[in-house]
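>
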């Protein structure tokens, strides 16, 4: 069996420098989009429709969908709720279709749509997504960090390192990618004392200023759920439910 | 005095996400462009004209300039020599004007030209460039890693970390930049055993396959020279000579 290559892309704006057609793309936006998407599926959402622009989000609202939308951390007026994983409660989302638009995360998902598959990774489903990727048996893996407006983010990158480290335990995978090596090294620095490490993260301070940092502990807790959201015809569904 | 902000950009393709007008931009392409440029100035070159395209490099040759040009590690036929620091000998370059075009490095220099200043950093002049930046007294600093075709490079990033660490010893500087934090962490992993660390670097293996890895030790030796090449009207000159 051919060995499977792992790469990491630190900002979704750079995805065109990678060949994604032969890769399973795992999209990562730890604070907060991909953590929230996993939370929503853990709470029984039926589908999430990632929409890149606020215009599309407004149209979805007019079509009667539930809409979660934020820009720069703040809920938009027309939306039902914003971008915190705590917004996606079972009461609000179970069995429902939700349109979702965020500053960086949903754009990253849309940019990945040419991949062999597109899945959603976060600490809260890290083992589940790793297991799902291993089970695919073929295809390379690209961990796509959303980053923040074209810039590198520590929180997405340390998650990428944790995921790559997990995948490399399976001998069918290898990496020759500098950003994958860097991500692993950063994760190994971070995991020694994660609470102190999180103090370095610029997005953590931004959320604190906005009074939105209540999600921090949740977003860095591993394996709260075994959902694996994947993109199918423009909608995110839970891979486990599709296969049932 | 206002505190001076330090940021790091991991690939020159992302420079537009940074505000460079108020920043001194330090361009970094350790393997090999910026190491070679510093070597050339250490050997007495008068000016280096960075040209982004091979077309411009050919025109420079027709105008009678000495031309150094490579793509993907290989010297181009029309050029006088390629991209190794060992090519820029005193016999060839002392007192001369040299046009220079490389895959990533010279493009990065050209992309930085809107900065408050543009200087050239490498391990071989690291203390000199740090001292020059401190002496500026105002203006932020952006360390611009050339990267490799839109991708993150370990060698440029660990240099960025080493330089940021040096600058932060001067209390006029601060950073809130995730990529600067990451670069410092990576440099601290790397410096414990640099020769082993270099084995992880993908570009190191590429150069080895091309028989071009003789430059490795040289490019990671700190402070071989005190030159500070800076861009003035489209040409690189040694800042120390200009100020004399």
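Residue numbers (the working numbering), protein chains in the order written: chain A, 0 to 243; chain B, 0 to 243. Heads up, the beta-carbon is just placed ideally off N, CA and C, and yes, glycines get one too. None of the values given here were measured: they were computed from a predicted structure.
Would you call the segment 103-117 of chain B in contact with the segment 214-228 of chain A, where contact means no fewer than 3 C-beta pairs closer than 8 Å?
The answer is no - the segment 214-228 of chain A does not touch the segment 103-117 of chain B, with fewer than three Cβ pairs under 8 Å.
> Just curious, the beta strand (DSSP E) that residue 70 of chain B is in, first and last residue?
Where residue 70 of chain B is concerned, the enclosing beta strand (DSSP E) stretches over 65-70.
> Tell me the start and end of each unbroken beta strand (DSSP E) in the segment 30-68 of chain A that is at least 3 residues and wholly inside, in chain order.
If we require 3 residues or more, the beta strand (DSSP E) runs fully inside the segment 30-68 of chain A come out as 46-49.
> If we count the other Cβ atoms within 10 Å of its Cβ and call it buried at 16 or more, is residue 241 of chain B buried or exposed?
With fewer than 16 other Cβ atoms within 10 Å, it is exposed.
> Taking only the alpha-carbon atoms, compute the straight-line gap between residue 188 of chain A and residue 72 of chain B and give it to the nearest angstrom.
Spanning the two alpha carbons is a distance of roughly 33 Å.
> Taking only three categories from DSSP, how would you classify residue 221 of chain B?
Here residue 221 of chain B sits in coil by DSSP.
> By how many angstroms is the C-alpha of residue 122 of chain B removed from the C-alpha of residue 194 of chain B?
Looking at the two C-alpha atoms, the distance is approximately 14 Å.
> By DSSP's criteria, residue 230 of chain A is part of a beta bridge. Which residues make up the other side?
Answer is A/235, bridged to residue 230 of chain A.
> Checking the sheet assignment: what are the DSSP bridge partners for residue 160 of chain B?
Per DSSP, none; premise fails for residue 160 of chain B.
> Restricting to Cα atoms, I'd like to know which of B/4, B/228, B/182, B/234 is closest to residue 38 of chain B.
Considering only alpha carbons, the answer is B/228.
> Kindly say whether residue 181 of chain A, judged by its beta-carbon, lies nearer than 8 Å to any beta-carbon of chain B.
Yes, residue 181 of chain A counts as interfacial toward chain B.
> Whose CA, out of A/7, A/2, A/1, lies closest to the CA of residue 183 of chain A?
Ranking A/7, A/2, A/1 by Cα distance to residue 183 of chain A puts A/7 first.
> Which parts of the segment 128-188 of chain A are runs of the beta strand (DSSP E), unbroken and 3 residues or longer, counting only runs that do not cross its ends?
DSSP runs (the beta strand (DSSP E)) wholly in the segment 128-188 of chain A: 139-144.
> Starting from the C-beta of residue 75 of chain B, find all residues in its chain whose C-beta is less than 7 Å away, skip the five residues before and the five after it, and write them out in chain order.
The residues are 53, 68, 69.
> Could you give the distance in angstroms between the alpha-carbon of residue 201 of chain A and the alpha-carbon of residue 149 of chain A?
About 14 Å.
> Pick from A/197, A/11, A/178, A/45: whose alpha carbon is nearest that of residue 87 of chain A?
Of A/197, A/11, A/178, A/45, the residue nearest in Cα terms is A/45.
> Mind pulling the chain B residues with CB within less than 8 Å of residue 175 of chain A?
Going along chain B in sequence order, the residues near residue 175 of chain A (Cβ under 8 Å) are 201, 204.
> Is DSSP giving residue 118 of chain A helix, strand or coil here?
Residue 118 of chain A falls in the strand class under three-state DSSP.
> Three-state secondary structure (DSSP) at residue 6 of chain A?
In the structure shown, residue 6 of chain A sits in a strand (DSSP, three-state: E or B).
> Near residue 145 of chain B, what residues of its chain come up, given a Cβ to Cβ distance below 8 Å and the 5 sequence neighbours on each side ignored?
Only 10, 11, 26, 27, 28, 32, 33, 103, 104, 106, 107, 152, 155 meet the Cβ criterion.
> Please go through the same chain and pick out, in chain order, the residues whose beta-carbon is closer than 7 Å to the beta-carbon of residue 211 of chain A, but skip the five residues on each side of it.
Excluding sequence neighbours, residue 211 of chain A sits near 72, 83.
> Identify whether residue 96 of chain B lies in helix, strand or coil by the three-state DSSP scheme.
Reduced to three states, the DSSP call for residue 96 of chain B is strand.
> Is the separation between the beta-carbon of residue 51 of chain A and that of residue 78 of chain A shorter than 8 Å?
It is not a contact, given that the beta carbons lie outside the stated cut-off.
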